[in-house]
Structures are given as C-alpha cells and as structure tokens.
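In full-length UniProt numbering, the protein residues as written are 1 to 346.
Even glycine gets a Cβ: it sits at the ideal position worked out from N, Cα and C.
Heads up: the structure comes next, in structure tokens.
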Amino acid sequence: MGTVEFESVPQDVFTILGHHVDMLVALGRGDAINAMHAPEYHQSLYRKFLHRLEGVSIDWEGLYSSWPPSKEKLYELDSDIHIADPAKVATAEGWDDSSLQEIRSNVGPWFGNTLSGTHQKPPAGWADAYEYQTLWEIFGKIAQVFRESDRYEALTSIRESMMGTISAGLPSERERPSAALVLFSTSDEKIWGYKMNHPGYYAAHTRPLGATDALADAIGDGYGDDGRNITLDTELLLEADPDVLLVLGPMAGSHNLAEIRSQLENDEVTREITAVQEGRICAQGARRQGPILNLFQTEMTAKQLYPDQFGEWPGYVDGDPYPEIPAEEQLFDRQRVADIITGEEK
Numbered sequence: 001m002g003t004v005e006f007e008s009v010p011q012d013v014f015t016i017l018g019h020h021v022d023m024l025v026a027l028g029r030g031d032a033i034n035a036m037h038a039p040e041y042h043q044s045l046y047r048k049f050l051h052r053l054e055g056v057s058i059d060w061e062g063l064y065s066s067w068p069p070s071k072e073k074l075y076e077l078d079s080d081i082h083i084a085d086p087a088k089v090a091t092a093e094g095w096d097d098s099s100l101q102e103i104r105s106n107v108g109p110w111f112g113n114t115l116s117g118t119h120q121k122p123p124a125g126w127a128d129a130y131e132y133q134t135l136w137e138i139f140g141k142i143a144q145v146f147r148e149s150d151r152y153e154a155l156t157s158i159r160e161s162m163m164g165t166i167s168a169g170l171p172s173e174r175e176r177p178s179a180a181l182v183l184f185s186t187s188d189e190k191i192w193g194y195k196m197n198h199p200g201y202y203a204a205h206t207r208p209l210g211a212t213d214a215l216a217d218a219i220g221d222g223y224g225d226d227g228r229n230i231t232l233d234t235e236l237l238l239e240a241d242p243d244v245l246l247v248l249g250p251m252a253g254s255h256n257l258a259e260i261r262s263q264l265e266n267d268e269v270t271r272e273i274t275a276v277q278e279g280r281i282c283a284q285g286a287r288r289q290g291p292i293l294n295l296f297q298t299e300m301t302a303k304q305l306y307p308d309q310f311g312e313w314p315g316y317v318d319g320d321p322y323p324e325i326p327a328e329e330q331l332f333d334r335q336r337v338a339d340i341i342t343g344e345e346k
C-alpha cells in the first residue's frame, strides 16, 4: 500500500470483510462503517457476542454489501479510507492496478490485510512485497490509523492475560482431545473441513489451544490453493473420528445446531463418530475474526475442548446470544472490554 497518511482521523469508512469490521467496532468506530460484505450476516453474528458487552451495539441495516466492490459505488460513498486489502480487491472481476490507483487518488487510500487469514498466495504483482501478519498485528496498524493505540494496547493486555491463563492450564499433549472444525452445506450433503492448526488468523482461536486436528491428515477434495481446507463426506468424517466436533454456522443463524445434532445422531455413518456418541457437538462463530470475536471464541473453544481445565461450556441455544458464563468461570473480563470499546476506559 505504500505510505498512507492522514491529516485527520477518517470519519467515513469503507470495509469488506469481517475481521476489519470487528477491529473498527473494537476501536469504538462501528458507526463510521458505510459498507461491508453481507451486512445482515455480520449483524446477526455480532449481536450474539456483543450482547455480553454492556453498552456496545451495532446497526448495519441497509449498508452496501461490498463484495465484489463496484467502482461507481466507491465514488458514491466517497469514503475517507477503504479498510480493505488491495491485493484481495485485485482478484475481483473488473479490478486491476490502475483501478486501485484511481480510487486511491480520487477517493481515499486502501489500508488492510486479508490474505493473512490463511497465508493465501497473493495474486500476480503482489507476491514479492506481501507480508503475512497476525490478527493482533493487523489490529495494531488499524488502531494507528484511528489514533486509538491506547484502546489497542488495553485490549491486547486482556488477550495476553487470557492466553497466559490458557497456556498454564493446558493438559499434556497426550491428554488432549482430537477435534474437527466443519461447516455443513445447507443445500446438499457436502461438508467442508478446516485445518485448526494452519497458519493465519482464521485459526487464531484454535491453533493456540493445541488440540489434535482430526482432519490434519485427511484427504478429500481440496479447495483453496494450499491444502488448508478440504471437502468431506460422512465416511471421511467418520474415518477422522474426532472426539469433539466444532460446527460453524449456528451462531450466524445459517444453521440450526439442534437439527445438526439430530441428523448426525440418526445417520448410520455419523452416529458412530466419537464426538456424536459422547454428545460433544459444539457451535462455533466465524473463522474470519477480529479482536472481539477472537476473545470470545478463544474462551468458547477452550471450554469446549478442555472443560476440566477451563470450566464447562454451557452450550449454545439456537437463536440465543453467546451464553452467559458465571464471572468466576470467565476467561476475560466482559465489563473491562466493554468499557474500553465505549471509551469508559482506555
């Protein structure tokens, strides 16, 4: 992106993907967002988590759904900054380097990092200079743009404290369960499996927990360009036989966890999976996460994988918010996070 400078803090902010959206909310800038990909999806998902942060709310009704972006719409929005990765935008139809430069010069600069999610290979023209960064490194750079380093450092300290607690409490490797992170299709019998210990911020809530990835060596129909994800069927899932099944979709409202459990229990193949037999089928939020989701999802997954060490996961009820957890069993302080976001504490 080169050097990006501002005379004042950006007020109107274009975004595309959820991790950047999350970062803006965490910095108290959620109201500045004028566009995002799939706003209804993100609003449904984030309200589940923000319900537990007093005073933190969002309203993204009617925002422009920004992937793939329209150059004409970007002129119309006239944003002060585009919190979006130009290397990602360059992969959209109708976009090339001249289009990116045109928007940068005539509207506002690009500033974001997306391909670090899975260390995806950059498109032609970007590979030599592209840098992979962690979720919290990207968050730190976004915080600099909005002159919110105090908020960033305060939230970082909460995360570091939680990770210290988790690191100290993890059982030995031989005592850890195997797990699989999956998404079931809503239209057919396809199952997508995601590598839990793969580099990148998509796995920022699973990789540090050190569970055995039941799909680490699974061979299915690959997609993506680096083998990080696979397409499964029920036989392959049984062959992997996870102790814990982590299911994406229910917290975003696109799946019903109770129905998934019932289907797995009644299918002659999947009912033999250890996680199904032992009732360890748990809802997950989203892989494309920023700091807020990362805090909640790390806590959630720690409890789902290691209830003896970090307290029982109370379970997720379809349509409800992130479940209430007694203060003494929380892995991070909700009130302090809320106070940081709303400006009561910095």
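Checklist entry - Within this structure, are the beta carbons of residue 116 and residue 201 separated by less than 7 angstroms? => result Between residue 116 and residue 201, the CB-CB gap stays under 7 angstroms.
Checklist entry - Can you tell me the Cα-Cα spacing of residue 339 and residue 269, whole angstroms? => result One C-alpha to the other measures close to 48 angstroms.
Checklist entry - Would you call the stretch 38-46 and the stretch 73-82 touching, i.e. three or more CB-CB distances under 8 angstroms? => result Too few Cβ pairs lie closer than 8 angstroms, so no.
Next on the checklist: Measuring only the C-alpha atoms, how far is residue 20 from residue 84?
Outcome noted: Each residue's Cα considered, the two are about 8 angstroms apart.
Next on the checklist: Just to confirm the assignment, what range does the beta strand (DSSP E) spanning residue 192 have?
Outcome noted: 191-194 is the span of the beta strand (DSSP E), which, as asked, contains residue 192.
Next on the checklist: Rounding to the nearest angstrom, what Cα-Cα distance links residue 169 and residue 196 in this structure?
Outcome noted: Rounded to the nearest whole angstrom, the C-alpha separation of residue 169 and residue 196 is 20 angstroms.
Item to check | Uninterrupted beta strand (DSSP E) stretches inside the stretch 34-104 (no shorter than 3 residues) | outcome: For the stretch 34-104, whole beta strand (DSSP E) runs of length 3 or above, ordered along the chain, are 81-83.
Checklist entry - In the structure shown, what three-state DSSP assignment does residue 142 receive? => result Residue state, collapsed to three classes: helix.
Checklist entry - Quick check: the stretch 246-263 against the stretch 125-145, are there 3 or more CB pairs under 8 angstroms? => result Contact fails: fewer than three Cβ-Cβ distances are below 8 angstroms.
Checklist entry - When burial is assigned at 16 or more other CB atoms within 10 Å of the CB, is residue 101 buried or exposed? => result Exposed is the call here.
Next on the checklist: For residue 224 and residue 87, I'd like the C-alpha separation in whole angstroms.
Outcome noted: In this prediction, residue 224 scores a pLDDT of 46, lower than 50, which makes its location untrustworthy; the coordinate-derived value is nonetheless stated afterwards. Rounded to whole angstroms, the gap between the alpha carbons of residue 224 and residue 87 is 16 angstroms.
Next on the checklist: Quick check: what's the CA-CA separation for residue 182 versus residue 234?
Outcome noted: Taking the straight line from one Cα to the other gives about 12 angstroms.
Checklist entry - Hey, quick one: how far does the beta strand (DSSP E) through residue 296 stretch, first residue to last? => result For residue 296, no beta strand (DSSP E) segment is defined; the enclosing uninterrupted segment is the alpha helix (DSSP H) at 291-305.
Next on the checklist: Measuring straight from C-alpha to C-alpha, what distance separates residue 334 and residue 52?
Outcome noted: One alpha carbon belongs to residue 334, the other to residue 52, and they sit about 7 angstroms apart.
Checklist entry - Three or more beta-carbon pairs under 8 angstroms between the stretch 27-42 and the stretch 307-318, yes or no? => result The count of Cβ pairs closer than 8 angstroms, one atom from the stretch 27-42 and one from the stretch 307-318, stays below three, leaving the stretches out of contact.
Next on the checklist: What does the Cβ neighbour count give for residue 294, buried or exposed, with the cut at 16 atoms within 10 Å?
Outcome noted: With 16 or more Cβ atoms within 10 Å of its Cβ, residue 294 is classed as buried.
Checklist entry - Between the Cα of residue 23 and the Cα atoms of 5, 109, 167 and 290, which residue gives the shortest distance? => result Put simply, of 5, 109, 167 and 290 the residue whose alpha carbon is nearest the alpha carbon of residue 23 is 290.
Item to check | residue 349 versus 145, 249 and 151, residue with shortest Cα-Cα distance | outcome: For the chain, the structure presents residues 1 to 346; residue 349 sits outside this window and is missing.
Item to check | Which of helix, strand or coil DSSP assigns to residue 332 | outcome: Note: residue 332 maps to coil in three-state DSSP.
Checklist entry - Hey, residue 143 and residue 209: beta-carbon distance below 7 angstroms or not? => result Cβ distance not < 7 angstroms, so residue 143 and residue 209 don't count as in contact.
Checklist entry - Any chance the stretch 243-259 sits against the stretch 267-283, with 3 or more Cβ pairs inside 8 angstroms? => result The stretch 243-259, when compared against the stretch 267-283, does touch it at the 8 angstroms Cβ threshold.
Checklist entry - Mapping DSSP to helix, strand and coil, what is residue 184? => result DSSP places residue 184 within a strand segment (E or B) once states are collapsed to three.
Checklist entry - When we look at the beta-carbon of residue 29 and count the other beta-carbons within 10 Å, is it buried (16 or more) or exposed? => result Result: buried.
Item to check | Anticipated Cβ contact below 8 angstroms, residue 67 with residue 16, distance rounded | outcome: Contact flag correct, Cβ pair sits at about 5 angstroms.
Next on the checklist: Using only CA atoms, which one of 308, 250, 286 and 239 lies nearest to residue 274?
Outcome noted: For the options 308, 250, 286 and 239, the alpha carbon positioned closest to that of residue 274 is the one of 239.
Checklist entry - Start and end of the alpha helix (DSSP H) containing residue 21? => result DSSP places residue 21 in the uninterrupted alpha helix (DSSP H) bounded by 18-26.
Item to check | From 229, 70 and 159, residue whose alpha carbon lies closest to that of residue 198 | outcome: Nearest option by C-alpha distance: 229.
Checklist entry - Does the beta-carbon of residue 10 have 16 or more other beta-carbons within 10 angstroms, so that it is buried, or is it exposed? => result Residue 10 should be labelled buried.
Checklist entry - For residue 3, which option in 111, 176 and 49 has the closest C-alpha, if you only look at C-alpha atoms? => result 111 is the residue among 111, 176 and 49 whose C-alpha sits nearest the C-alpha of residue 3.
Next on the checklist: Rounding to the nearest angstrom, what Cα-Cα distance links residue 155 and residue 163 in this structure?
Outcome noted: Looking at the two C-alpha atoms, the distance is approximately 12 angstroms.
Next on the checklist: For residue 248 and residue 204, I'd like the C-alpha separation in whole angstroms.
Outcome noted: Annotation: residue 248 to residue 204 spans about 15 angstroms, alpha carbon to alpha carbon.
Checklist entry - Just how far apart, CA to CA, sit residue 136 and residue 341? => result For residue 136 and residue 341, the gap between their C-alpha atoms comes out near 16 angstroms.
Checklist entry - Are the beta-carbon atoms belonging to residue 296 and residue 49 less than 7 angstroms from one another? => result Result yes, Cβ atoms of residue 296 and residue 49 sit closer than 7 angstroms.
Next on the checklist: Helix, strand or coil for residue 175? Go by DSSP, reduced to three states.
Outcome noted: Residue state, collapsed to three classes: helix.
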